[in-house]
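Take a look at the structure set out below.
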Amino acid sequence: MGSVFFLERIPVNPPYPKIYARLGFKKKTTELTSRQKEETDISVAEALSYIALRGVWRRESIVENDGSKTEMTGDLSFVSSQLAKYLRDCQETVLLGATAGNMIMDKIKEKTAQGNLSAAVVYDATASEMTDAALDWLIDYLAVQLRRENKKLLPRRFSAGYGDFELSNQKMICEKLQMDKIEVSITPSFILLPEKSVTAIAGICR
Amino acid sequence: MKRKIENLLKKKIIILDGATGTELQKKGLPAGVCPEIWCLENPAVIKEVHASYRKAGAQIVYSCTFGANSFKLAQYGSAEKTYQINRDLVCLARQSVGKKVLVAGDIGSTGQFVEPFGNLDFDEAVTVYKQQVQGLIDGGCDLIVIETMIDIQEARAALLAVKETADIFTIVSMTYEKDGRTLNGTDPVSALVTLQSLGADAVGCNCSTGPEKMLEFIAAMKPYATVPLVAKPNAGMPRLENGKTVFDMGAEEFASFAGKMAAAGANMLGGCCGTTPAHIRELAQSPALGKPLAPVRKAIGALSSSRGHLIFGEERPLVIVGERINPTGKKALQQELAEGKTAIIRRMAGEQEQQGASLLDVNVGQPGIDEVKTIKSIIGLLATISALPLVVDSSKIETIEAALRIYPGRLLINSISGEKEKIKRLLPLAAKYGAMFILLPLTDGEIPATAAGRQAVIKQIYAAATACGFSKDDFIVDCLVMAVASDAGAARETLKTLRWCTETFRSKTNLGLSNVSFGMPGRPWLNAAFLAMAQLSGLTMAIANPASTELINVKQAGDVLMAKEKSTANFIAHFSAPADSPAAPVLRADISPAEKVAIAIREGDRENIIALIEAALAASEQASSLVDNVMIPAIVRVGELYEKKIYFLPQLMAAAEAMKKALAFLEPRLAQSAQANKGKILIATVRGDIHDIGKNIVALLLRNYGFTVIDMGKDVAAPAILEAIKREKPAVVALSALMTTTMVNMKEVIDAARAAGIETPVMLGGAVVTEAYASSIGGYYARDGVEAVKVALQLING
Numbered sequence: 000m001g002s003v004f005f006l007e008r009i010p011v012n013p014p015y016p017k018i019y020a021r022l023g024f025k026k027k028t029t030e031l032t033s034r035q036k037e038e039t040d041i042s043v044a045e046a047l048s049y050i051a052l053r054g055v056w057r058r059e060s061i062v063e064n065d066g067s068k069t070e071m072t073g074d075l076s077f078v079s080s081q082l083a084k085y086l087r088d089c090q091e092t093v094l095l096g097a098t099a100g101n102m103i104m105d106k107i108k109e110k111t112a113q114g115n116l117s118a119a120v121v122y123d124a125t126a127s128e129m130t131d132a133a134l135d136w137l138i139d140y141l142a143v144q145l146r147r148e149n150k151k152l153l154p155r156r157f158s159a160g161y162g163d164f165e166l167s168n169q170k171m172i173c174e175k176l177q178m179d180k181i182e183v184s185i186t187p188s189f190i191l192l193p194e195k196s197v198t199a200i201a202g203i204c205r
Numbered sequence: 000m001k002r003k004i005e006n007l008l009k010k011k012i013i014i015l016d017g018a019t020g021t022e023l024q025k026k027g028l029p030a031g032v033c034p035e036i037w038c039l040e041n042p043a044v045i046k047e048v049h050a051s052y053r054k055a056g057a058q059i060v061y062s063c064t065f066g067a068n069s070f071k072l073a074q075y076g077s078a079e080k081t082y083q084i085n086r087d088l089v090c091l092a093r094q095s096v097g098k099k100v101l102v103a104g105d106i107g108s109t110g111q112f113v114e115p116f117g118n119l120d121f122d123e124a125v126t127v128y129k130q131q132v133q134g135l136i137d138g139g140c141d142l143i144v145i146e147t148m149i150d151i152q153e154a155r156a157a158l159l160a161v162k163e164t165a166d167i168f169t170i171v172s173m174t175y176e177k178d179g180r181t182l183n184g185t186d187p188v189s190a191l192v193t194l195q196s197l198g199a200d201a202v203g204c205n206c207s208t209g210p211e212k213m214l215e216f217i218a219a220m221k222p223y224a225t226v227p228l229v230a231k232p233n234a235g236m237p238r239l240e241n242g243k244t245v246f247d248m249g250a251e252e253f254a255s256f257a258g259k260m261a262a263a264g265a266n267m268l269g270g271c272c273g274t275t276p277a278h279i280r281e282l283a284q285s286p287a288l289g290k291p292l293a294p295v296r297k298a299i300g301a302l303s304s305s306r307g308h309l310i311f312g313e314e315r316p317l318v319i320v321g322e323r324i325n326p327t328g329k330k331a332l333q334q335e336l337a338e339g340k341t342a343i344i345r346r347m348a349g350e351q352e353q354q355g356a357s358l359l360d361v362n363v364g365q366p367g368i369d370e371v372k373t374i375k376s377i378i379g380l381l382a383t384i385s386a387l388p389l390v391v392d393s394s395k396i397e398t399i400e401a402a403l404r405i406y407p408g409r410l411l412i413n414s415i416s417g418e419k420e421k422i423k424r425l426l427p428l429a430a431k432y433g434a435m436f437i438l439l440p441l442t443d444g445e446i447p448a449t450a451a452g453r454q455a456v457i458k459q460i461y462a463a464a465t466a467c468g469f470s471k472d473d474f475i476v477d478c479l480v481m482a483v484a485s486d487a488g489a490a491r492e493t494l495k496t497l498r499w500c501t502e503t504f505r506s507k508t509n510l511g512l513s514n515v516s517f518g519m520p521g522r523p524w525l526n527a528a529f530l531a532m533a534q535l536s537g538l539t540m541a542i543a544n545p546a547s548t549e550l551i552n553v554k555q556a557g558d559v560l561m562a563k564e565k566s567t568a569n570f571i572a573h574f575s576a577p578a579d580s581p582a583a584p585v586l587r588a589d590i591s592p593a594e595k596v597a598i599a600i601r602e603g604d605r606e607n608i609i610a611l612i613e614a615a616l617a618a619s620e621q622a623s624s625l626v627d628n629v630m631i632p633a634i635v636r637v638g639e640l641y642e643k644k645i646y647f648l649p650q651l652m653a654a655a656e657a658m659k660k661a662l663a664f665l666e667p668r669l670a671q672s673a674q675a676n677k678g679k680i681l682i683a684t685v686r687g688d689i690h691d692i693g694k695n696i697v698a699l700l701l702r703n704y705g706f707t708v709i710d711m712g713k714d715v716a717a718p719a720i721l722e723a724i725k726r727e728k729p730a731v732v733a734l735s736a737l738m739t740t741t742m743v744n745m746k747e748v749i750d751a752a753r754a755a756g757i758e759t760p761v762m763l764g765g766a767v768v769t770e771a772y773a774s775s776i777g778g779y780y781a782r783d784g785v786e787a788v789k790v791a792l793q794l795i796n797g
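As you go down the protein sequences, you meet chains A and B in turn. Numbering follows numbering that gives the first Met the number 0, in which position 72 of the first sequence is assigned residue number 71; successive positions increment by one, without gaps. Numbering follows numbering that gives the first Met the number 0, in which position 693 of the second sequence is assigned residue number 692; successive positions increment by one, without gaps.
Rendered as structure tokens:
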């Protein structure tokens, strides 16, 4: 327990339908001319060229779960009844983090400053979906590894900021994952920088 | 022993053992312990498992060393015992099965990701595996099996560790998901091309899927395999039952796939998770096994990346190698490489792929740069962002060697000439890493001017290559393109060399196409004409700029006329507009200039909006009337379309940008317009929140509707907002927040304003803000930018 694993480049296929959906595209409703579609696709392709997905994870054993607080190895302790409920059948957890990197954020700022918000919004949506896809990839990868240990990764994941699992917990998660090594920092208000970065906890059961 | 296994494979399908992990669990292996150490502490149990597979008919059993690398053993405090653990577990396997059954030293994943995908240094990974390999070999294993790999780069590291330690028969087996790719995105044929060229003696797949799905992977690999294929499926697809992984397929059903596996081309068959000695017994006794299908070829012209491959063949369309990743004459790229940045290279890779390149040529040579460090970095980057196999282009042997070692695929070296140093050093390197190479027919200080001279050098390099184990499948002859501006007969000699290679020497060919037109006007046409002639002469590949329309169009046409595979479909697709989206409407002549402006705004036509406004003004439209009666209704219509989801966000933004551009152009003429100022709005993202794209969208839309917008930016503290309200006296304040933790700071602003006696209405928005929350803190909610305009109008006009 406790070793941090780093992934320098996460091989994610761009989730095009999700990117379009995030931008408000609705199948059979939204009408796009070929020029508008081409413009959007070019912006997605540009965004993809600026995204560098990196990931990190570490496994910890659950020491105690009293239904409102979960204590883990590595001096981790989270007060959240919803997290405790989610982890109630688990003996271990995995902390996960992923980022799309700084370059894409710089380009979003650059496009915004140039008054090209139509590109900026596409960059933004692409980065958001790619970061989510990176976390999905990590979950899939760990699930396969755990299967050989005869263990199971819970299908969904839990992130700080949802329900009663306060966003402030993100600071501890970020530190334990040594996210500074993938160039991710955290603001005093517990927001990850670069903006397109995420953390999560997933439960592991036997 | 290697020869013995190879001979055995020619005669019969070899039966491998089944699952070890699940068998050990049945016999008491507790959860959470190190299986390898537990087996050494309970030798009778693992010996019993091995013996049961021997009795069942397995001809090869895997030692229980799957996780016995120093990274995995470190988790149990036993990294320093790596060598002994491997050695002793092979010894136990040998004691159990005797000498008639072969023992494979089993190697699994370290659990780390190797560069370029992870942060484990490639050479460190090789070193870690060498420790394990040495233990396995000293324990007396007959062969090595590297299995259940999902990362092709880790498989390469393990294979190189074996090859750099001993000449021993080595199987490499990858694990593919239901979609036919490893989790890292590698497909079976790409893995096959990479691993067999790197020296694997057998390649295959194990785990993850049942035999039915694995049949597809074996069948996909067989036509391109130069080595025997291995299949070790699970006992069906894993299924979760009461939280436990269950494999349903019984022994009889499992063995019923034996005949199909043999027919698909599997040469070694066994079982993975969920299989038992009963499964292996049924398999070994299956009458359907029949005779093994030998590999269909001895060598193959093929390249691979971690996520794609390219097979060369006479019937295949002309291959275009994108030449743009080369700093020569490109100042911006030179600067980027010097600074260690990658944005231009990322873009070039994507664009060239989109434009039709099948391979990417990579050259990082420039003065003052550490070429080895740079090529490792760029090769690593491209390996992860592009599925196209790479061509490494350098005059420096060290650069090519660095690329060969790090690249997670089969690389093409550009190039190996007849120069003594290149022959002596590069050919063995290419052989070690299984690379293909471009054969450049020039010698030390001499470029043969004639086709006959080039033919002599080609034969000389081929002889040297043959001595290193290469065949004609492994290289592509560059026919040397020289400029017709300096030698009128240059192109003719090149084409002569090309025809000789195609018809007599029977090799693949390449041209560095654009050299032919150097120093001439009309270069695209000379290049395209030369390409057409070369295609007729049998050209395999051209290094060129795929952005050249002339070139790509001629290539597509040439492929059709030469009846290359799928060329007609490719040609039709190339010259057809996308059929699934409506084309932009053509502006009819009878549409008024003002209506054309409206259409341009609705369509987000930022390029033509100014010209259309000028035309409208020239047609006696007043600027104010154009804004009030044409443009505002157009942008309102865009908002309606967005609300109905007929438009999505990029269309809304494009229209808003067209509107903004139009308003800026008309501003000097708009002094009298009622639309000139609908009121002042102060907008900010509140303290602690760094998200601002939503706020920026709202600001743009408000401006387009005639509001004066003062944008304070993001992460703005309440006192600063308060001060600005006092100074600017806006009609409305608009606040944005994305997070639940920061939206509470909206209340801070409203409370402070009210306490200071400021009653300016405050509009609130952002992903987590709801109407209920907004009204609970005394604000007005707007769902998005379009609604923000409506709310602002209501707040100002009442």
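For every residue, glycine included, the Cβ atom is placed at its ideal position computed from N, Cα and C.
- Straight through space, the alpha carbons of K694 (chain B) and M711 (chain B) are spaced by roughly 10 Å.
- The continuous stretches of alpha helix (DSSP H) do not include S735 (chain B), which lies in the beta strand (DSSP E) extending over residues V731 to S735.
- When DSSP states are grouped into helix, strand and coil, H308 (chain B) belongs to the strand group.
- Per DSSP, L411 (chain B) is one residue of the beta strand (DSSP E) stretching across L411 to S416.
- Residue pairing by DSSP places A541 (chain B) opposite B:I319 and B:L510 in a beta bridge.
- Beta-bridge pairing by DSSP links E91 (chain A) to A:S60 and A:I203.
- The beta carbons of I412 (chain B) and V391 (chain B) sit about 6 Å from each other, so the pair counts as a contact at 8 Å.
- Under the rule that a run must span 3 or more residues, the beta strand (DSSP E) segments found entirely inside the region 412-456 of chain B read 435-439.
- The continuous beta strand (DSSP E) containing C204 (chain B) extends over residues A201 to N205.
- Taking a Cβ-Cβ threshold of 9 Å, the residues of chain A close to F116 (chain B) are L6, E7, R8, I9 and P10, in chain order.
- The residues Y82, N85 and R86, in chain order, have a CB closer than 6 Å to that of G134 (chain B) in the same chain once the five nearest residues on each side in sequence are set aside.
- With contacts defined as CB atoms closer than 8 Å, I377 (chain B) and V361 (chain B) qualify as a contacting pair.
- For R147 (chain A), the chain B residues whose Cβ falls inside 7 Å of its Cβ are G20, in order along the chain.
- Taking G110 (chain B) as the centre and dropping the five residues before and after it, the same chain places the C-beta of F70 and K71 closer than 7 Å to its C-beta, in chain order.
- When CB distances to chain A are screened at a threshold of 7 Å, the residues of the region 171-202 of chain B falling below it are L182, N183 and G184, in chain order.
- By the criterion of at least three beta-carbon pairs nearer than 8 Å, the region 501-518 of chain B is in contact with the region 473-480 of chain B.
- Taking a beta-carbon distance threshold of 8 Å, G349 (chain B) counts as an interface residue toward chain A.
- By alpha-carbon distance to M260 (chain B), the top candidate from B:G139, B:D750, B:S77 and B:A230 is B:A230.
- Residues of the region 640-651 of chain B with a C-beta less than 9 Å from any C-beta of chain A: L640, Y641, K643, K644, I645, Y646, F647, L648, P649, Q650 and L651, listed in chain order.
- Using a 10 angstroms sphere on the CB of R93 (chain B), the tally of other CB atoms reaches 16 or more, which defines it as buried.
- At least one CB atom of chain A sits nearer than 8 Å to the CB of H690 (chain B).
- What D139 (chain A) touches in chain B, judged by beta-carbon distance under 7 Å, is L182, going in chain order.
- Per DSSP, reduced to three states, the secondary structure at D65 (chain A) is coil, with no helix or strand assignment.
- The beta carbon of A119 (chain A) sits closer than 8 Å to some beta carbon of chain B.
- Taking a 10 Å sphere around the C-beta of I590 (chain B), we find fewer than 16 other C-beta atoms and assign the residue as exposed.
- Only residues of its own chain outside the window of five on either side were considered, and among them I217, L228 and A230 have a CB closer than 6 Å to the CB of A265 (chain B), listed in chain order.
- With a threshold of 8 Å between beta carbons, F189 (chain A) makes contact with chain B.
- Chain B places no beta carbon closer than 8 Å to that of Y85 (chain A), leaving this residue out of the contacts.
- Exclusion of the five residues before and after V32 (chain B) leaves no residue of its chain whose Cβ lies closer than 6 Å to its Cβ.
- I457 (chain B) is outside the set of residues whose beta carbon lies under 8 Å from a beta carbon in chain A.
- Ranked by Cα distance from V685 (chain B), the first of B:F706, B:V732, B:K471 and B:S95 is B:V732.
- When secondary structure is reduced to three states using DSSP, L166 (chain A) falls in the coil class, being assigned neither helix nor strand.
- For the region 736-754 of chain B, residues whose beta-carbon sits nearer than 8 Å to a beta-carbon of chain A comprise M738, T739, T740 and T741.
- The C-alpha of P649 (chain B) is placed about 32 Å away from the C-alpha of G777 (chain B).
- At a Cβ-Cβ threshold of 8 Å, A133 (chain A) and G54 (chain A) count as neighbours.
- One thing to note: T508 (chain B) has its Cβ within 8 Å of the Cβ of I475 (chain B).
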